[in-house]
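Reading through the structure tokens given below for one structure.
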């Protein structure tokens, strides 16, 4: 890999069919990486991969359900099988599952499923990648967290899982640093993705979408809702060979000054 790109590197991005994952997959491909992108929806993955290939990039789609232990590992297994290595793993998959996560009324499954999707899936696929990274003497793991990784304010399962992702980041970093592997967590604030669909949130909370978006903007000092592409520069830095070499175990926010 050169100083300015990811030539020769193989990058796995989970939850890559839309939103942040799609933006990151494109960004890695543009800097020379071979990208393995996974999600549950084939049509979305095909669109991402076709877009990358149309610009001369290298990409492969893996349809995988991150809720299932063995299926969650498949993107890394495919990368190793097809390209012989995995250099960067971006654990991006995540969402709050279930319409009701009120602790007095919700079904247990809503919280349990959210924790599985946002936290356990990251462990399962990281566990698959780590032996290969150890053998190479090189690896970068980037967990995509949230403002809810540091404070309250989201559905209980989502906040719990994202706080757990910070713990996973720090403990993994502490235990694998000797092997040339770094582990970091990138936390966005409000980003224009399916999780920040203000029309859907308006219906859920019985408020005008404009009011919910205004409240979201007011939570950051820049009054800004991020676009997914605004996370790419930091993600590339944290997972780069040289720039990211001495950055590990860190929780880094790119959020416009959210709730500071």
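Numbering (the numbering used here), first residue to last: 78 to 337. Note that CB positions come from ideal geometry on N, CA and C, so glycine has one too. On a predicted model such as this, the values are computed, not experimentally measured, just so you know.
CB of residue 167 within 8 Å of CB of residue 101, strictly: A contact, by the Cβ cut-off of 8 Å.
With DSSP run on the structure shown, which of helix, strand or coil describes residue 211? helix
Measure the Cβ-Cβ separation of residue 265 and residue 223 and say whether it is below 8 Å. Against a cut-off of 8 Å, the Cβ pair of residue 223 and residue 265 comes out as a contact.
Return the residue from the list 242, 197 and 183 that minimises the CA-CA distance to residue 225. When only C-alpha atoms are compared, the closest one is 242.
What are the boundary residues of the alpha helix (DSSP H) that includes residue 233? 233–253
Give the DSSP-derived three-state secondary structure of residue 223 in the structure shown. coil
Classify residue 81 as buried or exposed, calling it buried when 16 or more other Cβ atoms lie within 10 Å of its own Cβ. Caution is warranted here: a pLDDT of 48 is assigned to residue 81, below 50, making its placement in the model unreliable, and the coordinate value is therefore given only provisionally. Exposed, by the Cβ-count rule.
Whole angstroms are fine: how far does the CA of residue 284 sit from the CA of residue 244? 35 Å
Do residue 170 and residue 194 count as a contact pair if the criterion is CB distance below 8 Å? yes
Let me confirm a value: residue 255 is counted as buried when at least 16 other C-beta atoms fall within 10 Å, else exposed. Which label applies? exposed
For a test of the three-state rule: what should DSSP assign to residue 335, helix, strand or coil? strand
The alpha helix (DSSP H) with residue 152 in it runs from where to where? 146–160
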